[in-house]
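Heads up: the structure comes next, in structure tokens.
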Amino acid sequence: MSSNGQKIMEWSERLAQYSEPHWAEKNQLTCTYLTPAHLQTAREIKSLMNEAGFDEVSTDAVGNIVGVYRAASSSSSSGSSIADATATVKTLMTGSHYDTVRNGGKYDGRLGILIPIACVAELVRQQRRLSYDFEVVCFSEEEGQRFRATFLASGALTGDFDPSWLDQQDAEGVTMRSAMQAAGLPGDLTEIIKLKRDPEKYIGFVEAHIEQGPVLFEGGIALGVVTSINAGVRAICKVTGTAAHAGTTPMTMREDALLAAAEISLMAEKRALQDEGSVATVGQMQVPGGSINVIPGECLFSLDMRAPFDGQRDALVADILAQAQSIASRRGVKFECTETMRASAAPSNLKLQERWERAVKSVGQPVFKLNSGAGHDAMKLHTIMPQAMLFVRGGNRGISHNPMEIISQEDATLATQAFMALLDDIETHPFS
Ligand code: GLV
Ligand code: MN
Ligand code: MN
């Protein structure tokens with residue numbers, strides 16, 4: 021199987037050629053929900069799946085690409101839909117996302133799509149079928165970039181698609197419904213609701229993902245078994261002050277919205293530093309219609325707050341929001357905040373996690389366990405079925421959400437071997 025790593029590296033490049041115009045010109049990768057680059061990426065993934073030998077490859081109502089490799093005894097191997105599968109043949113679901121952050125890396129999300137595609141190609145080459153259906157879902161949206169609807173794609177599978185998202189507009193005023201319809205999707209809630217999976221039909225969900233941090237790199241370890249995914253909250257905040265003349269308004273008489281937002285950002289940093297494992301980030305800040313000679317009257321900014329446990333995350337969020345209000349009132353400005361995402365911490369299912377541990381051991385690697393600071397589609401699937409993740413070491417000290425994100429071909433091969441070992445483990449020791 022030594023060529024699987026090479027295939028994954030080549031496939032990653034194949035997907036990375038589709039980027040949005042402004043970014044493509046600079047040779048940067050940006051692939052956000054339902055843009056032309058995103059739709060081309062989806063087409064390329066479908067080709068990869070068809071080339072690999074999946075029995076069914078389709079696009080669902082939110083743009084997920086769903087490939088199924090049927091079990092030897094599946095009632096549906098002759099072509100009927102997933103919903104028709106008999107109760108006796110269960111399904112293992114895997115997958116990850118193919119959208120990216122702006123100027124992101126080639127492996128975040130995509131690696132967790134390409135590894136299982138390589139596994140199916142390998143099973144087809146060996147003329148082997150599993151005793152369970154293997155469903156690979158390539159999630160169309162995880163990063164929450166174009167719309168404030170993080171995890172909308174995996175959320176559709178867990179019944180968490182928020183109907184109000186369809187009317188949400190992107191920065192150009194295009195609603196999600198129109199974006200869906202322009203992409204050839206129904207843009208219709210009734211179709212989206214049908215995507216909800218019945219957990220009874222599933223063995224569980226597994227996801228392979230680049231670690232996106234330095235732990236495996238620093239430890240000289242190729243693969244990591246995830247024990248839990250940190251809890252998170254995202255919010256969009258608005259500070260309203262008074263726009264006024266930058267030359268004539270004395271420093272003591274200003275209601276500067278940007279300075280309040282800046283002080284709130286520094287306070288959030290200080291508060292997160294008080295905890296073991298908490299993080300708080302202001303990733304976006306804008307002064308709409310601002311001018312060089314006008315005191316900012318309005319400032320919009322994002323807040324991303326995470327912690328290993330829900331309680332710790334809740335305390336972090338509550339403290340930051342309360343202190344933001346006091347900063348705002350001391351500065352004579354108004355602070356408003358709208359929560360746009362809340363995800364609970366997702367501890368791995370111990371039995372599935374142990375399968376990853378055995379799989380990693382069986383490919384001659386040490387079993388190293390770590391938790392995930394990044395959010396993943398597995399967090400959504402966690403709400404309806406057992407889940408466990410495998411991390412793959414990132415190079416360049418594990419940097420991610422950055423074009424310097426990289427993995428090695430050798431690690432991609434090892435990860436594919438470990439994934440195959442996991443499939444075998446479920447085959448030889450079915451869940452009781
Ligand atoms: C997803 O990449 C996240 O923000 O953790
Ligand atoms: Mn990401
Ligand atoms: Mn990701």
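Quick note on the working numbering: the sequence shown kicks off at 21 and runs consecutively.
Every residue, glycine too, gets a C-beta built ideally from N, C-alpha and C.
Keep in mind the model is a prediction, meaning the values are calculated, not measured.
Cα atoms of Pro219 and Ile404: separation of roughly 6 Å, rounded to the nearest angstrom.
The nearest non-hydrogen atom of ligand 2 is less than 8 Å from the C-beta of Val121. Taking the Cα of Thr52 as reference, the smallest distance to any Cα among Pro270, Gly83, Lys389, Glu430 is reached at Gly83. In the three-state scheme derived from DSSP, where H, G and I count as helix and E and B as strand, Leu205 is classed as coil.
In the DSSP assignment, Ser116 is bridged to Cys158. Secondary structure of Gln345 (DSSP, three-state): helix.
In this structure, the beta-carbon distance from Ala292 to Val259 does not fall below 9 Å. Between the beta-carbon of Gly418 and that of Gly233 there is about 5 Å, and that keeps the pair under the 8 Å contact cut. Secondary structure of Asp276 (DSSP, three-state): coil.
Between Ser160 and Leu54, the CB-CB gap stays under 9 Å.
Burial of Ala438 is indicated by the presence of at least 16 other C-beta atoms within 10 angstroms of its C-beta. In this structure, Leu434 and Ala242 form a Cβ contact; the two beta carbons are roughly 5 Å apart against a cut-off of 8 Å.
Close to ligand 3, as judged by a C-beta nearer than 5 Å to any of its heavy atoms, are the residues Asp128, Gly129, in chain order. Non-local C-beta neighbours of Phe355 in its own chain, meaning closer than 6 Å and more than five positions away in sequence, comprise Val259, Ala344, Gln345, Ala348, ordered along the chain. In the DSSP assignment, the residues bridged to Val412 are Ile230, Leu243. If the five residues before and after Ser382 are omitted, its C-beta is found closer than 7 Å to the C-beta atoms of Ala441, all from its own chain and listed in chain order. Annotation for Gly414 indicates a beta carbon at 8 Å or more from all heavy atoms of ligand 1.
For Arg145 and Val88, the gap between their C-alpha atoms comes out near 16 Å.
Across the set His265, Gly261, Val302, the C-alpha of Val302 shows the shortest separation from the C-alpha of Arg254. Contact between the stretch 54-67 and the stretch 198-213 is established, with three or more Cβ pairs separated by less than 8 Å.
Beta-carbon to beta-carbon, Val307 and Leu341 are separated by about 22 Å, too far to satisfy the 8 Å threshold.
In the three-state reduction of the DSSP assignment, Pro367 falls in the strand class, which pools E and B. Ranked by Cα distance from Asp445, the options Gly124, Tyr152, His58 are led by Tyr152. Closest by C-alpha distance to Asn422, out of Asp119, Met273, Leu49, is Leu49.
Asn250 counts as buried, since at least 16 other C-beta atoms from the protein chains shown sit within 10 angstroms of its C-beta.
In terms of CA proximity to Asn123, Ser39 leads the group Ser39, His58, Ser285. Counting C-beta pairs closer than 8 Å gives three or more between the stretch 66-81 and the stretch 135-143, which meets the contact rule. What you get when you keep residues with a C-beta closer than 5 Å to any heavy atom of ligand 1 is Ala394, Gly395. Between Phe154 and Leu401, the C-beta spacing is not below 9 Å. Per DSSP, Glu142 lies in no beta strand (DSSP E); the unbroken alpha helix (DSSP H) holding it starts and ends at 131-145. Counting along the chain, Phe439 sits inside the alpha helix (DSSP H) bounded by residues 429-448. For Gly124, the shortest C-beta to heavy atom distance toward ligand 2 is below 8 Å. Assignment of Ala335 by DSSP, reduced to helix, strand and coil, places it in the helix class.
In this structure, DSSP gives Ala300 an extended state, which the three-state scheme calls strand. At least one heavy atom of ligand 2 is found less than 8 Å from the C-beta of Glu162. Residues of the same chain with a CB within less than 8 Å of the CB of Ser248, apart from the 5 flanking positions on each side, are Pro328, Ala365, Ala366, Pro367, Ser368, Asn391, Ser392 in chain order.
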